[in-house]
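Colleague:
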Amino acid sequence: MVLDGCSYSSAGSGIQWNGQAWFGQTSKNILGNNDAFFIDYDNPQVSIRFTLNAYDGFGDSCDVFAYDSAGNSVDSVIAFFMPDGNPLPVALSGSDIVRVEITSGYSYPWTGIFDNHEFDLGFALSIPTLQSGAENSVSTSRGVTGTTVLVAYSLAGGGPTNTPFGVMDLTLPIRQLAPESVDVNGETSASAFIPGRAAGMTVWVQALNITGPGVGEFSNQVSGTIL
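Residue 5 is where the sequence shown starts when you use this note's numbering, and the numbers rise one by one after that.
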């Protein structure tokens with residue numbers, strides 16, 4: 005139904021969760037109630053799949069749009085018809101999809117009912133806290149086992165900066181932590197001490213999974229004010 009690596013949102017009355025068998029639903033699922041439903045991805049996607057359906061007795065149609073990082077629509081499905089509670093597949097593709105919008109129905113104020121979400125989760129960075137005067141955990145997931153991960157940070161901004169591996173979302177000067185090896189689970193785990201004098205500063209952090217000579221994948225960027 006929902007996955008890590010993205011966020012789900014809706015204005016209006018927010019997101020509604022439906023139970024299995026509620027007006028013909030074949031599983032637990034979600035929708036946007038009284039407004040469009042949005043999925044925002046941590047990393048750009050090239051292929052996204054999910055299903056949409058209606059409530060039994062409330063057949064409807066809706067539109068679906070995929071947007072790139074510049075806000076341009078790169079793919080769409082217009083007047084997608086959902087006759088009942090039977091989930092129907094939707095597939096979107098593009099080189100830089102960061103947001104999907106599912107509109108409210110043509111006949112009813114709620115959106116198509118969303119389920120069975122699939123996409124490329126990608127290499128990810130996680131930093132639970134940014135606490136001065138303490139060790140802070142830094143972890144990555146979905147890396148390539150046996151390869152190297154570099155975690156880098158900047159106090160100057162969120163980029164962009166061109167590198168041999170592509171564009172990095174950090175501004176020069178960029179500093180890095182010690183390299184880490186990706187374990188059998190595709191993960192790395194380390195800690196970094198943030199000195200007390202750094203309190204109040206903003207830091208931008210991003211990781212790189214080096215998978216070959218001059219080849220690698222950047223993670224999502226994590227930024228925030230050091231407490």
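In this text, a Cβ means the ideal position worked out from N, Cα and C, and glycines have one as well. Remember, predicted model here, so these are calculated numbers, not experimental data.
Would you call P91 buried or exposed, if buried means 16 or more other Cβ atoms sit within 10 Å of its Cβ?
Modeller: Mapped onto the sequence shown, residue 91 falls at position 87. Burial call: buried.
Colleague: Whole angstroms is fine: what's the gap from F62's alpha carbon to D44's?
Modeller: Counting from 1 along the sequence shown, the entry for residue 62 is found at position 58. Counting from 1 along the sequence shown, the entry for residue 44 is found at position 40. Their backbone Cα atoms lie some 28 angstroms apart in a straight line.
Colleague: Which one of P217, V104, I117 and L134 has the shortest CA to CA distance from P48?
Modeller: Start at 1 with the first residue of the sequence shown, and residue 48 comes out as number 44. Taking only the C-alpha atoms, the option nearest P48 is V104.
Colleague: When we look at the beta-carbon of W114 and count the other beta-carbons within 10 Å, is it buried (16 or more) or exposed?
Modeller: Position 110 of the sequence shown, counting from 1, holds the residue named residue 114. W114 should be labelled buried.
Colleague: Three or more C-beta pairs under 8 angstroms: does that hold for the stretch 52–69 against the stretch 134–146?
Modeller: Not touching, per the Cβ criterion.
Colleague: Please report how far the alpha carbon of S3 lies from the alpha carbon of R201, in whole angstroms.
Modeller: Limits of the chain in this structure are 5 at one end and 231 at the other, which puts residue 3 out of reach.
Colleague: For V155 versus E184, is the C-beta spacing smaller than 9 angstroms?
Modeller: To locate residue 155, count along the sequence shown from 1; it is residue 151. To locate residue 184, count along the sequence shown from 1; it is residue 180. Yes, Cβ-Cβ distance for V155 and E184 is below 9 angstroms.
Colleague: Return the chain-ordered list of same chain residues with a C-beta closer than 8 angstroms to the C-beta of D124, the five sequence neighbours on each side being excluded.
Modeller: Looking up residue 124 in the sequence shown gives position 120. If we look at D124 and ignore the five residues flanking it on each side, its Cβ neighbours are N47, Q49, V50 and S51.
Colleague: Would you kindly work out how many angstroms separate the C-alpha atoms of I230 and S195, rounded to a whole number?
Modeller: Residue mapping note: residue 230 aligns to position 226 of the sequence shown, counting from 1. Residue mapping note: residue 195 aligns to position 191 of the sequence shown, counting from 1. I230 and S195: Cα-Cα distance of roughly 15 angstroms.
Colleague: Can you check whether the CB of I117 is closer than 9 angstroms to the CB of N33?
Modeller: As a working note, residue 33 is residue 29 in the sequence shown. As a working note, residue 117 is residue 113 in the sequence shown. Contact flag set, yes.
Colleague: Could you spell out the range, first to last residue, of the beta strand (DSSP E) harbouring S145?
Modeller: Here residue 145 refers to the residue found at position 141 when the sequence shown is read from its first residue. Residues A138 to S145.
Colleague: Count the other C-beta atoms from every protein chain shown that fall within 10 angstroms of the C-beta of L7, then say buried if there are 16 or more, exposed otherwise.
Modeller: Within the sequence shown, numbered from 1, the residue matching residue 7 stands at position 3. Exposed.
Colleague: Does any residue of chain C bring its CB to less than 9 angstroms from the CB of A25?
Modeller: Going by chain labels, chain C is absent from the structure shown, which holds only one protein chain.
Colleague: In its own chain, which residues sit with a C-beta less than 6 angstroms from the C-beta of G163, not counting the 5 before and 5 after it?
Modeller: As a working mapping, residue 163 is identified with position 159 in the sequence shown. Excluding residues within five positions, the ones whose Cβ falls inside 6 angstroms are M172, D173, L174 and T175.
Colleague: Helix, strand or coil for G28? Go by DSSP, reduced to three states.
Modeller: Indexing the sequence shown from 1 puts residue 28 at position 24. G28 falls in the helix class under three-state DSSP.
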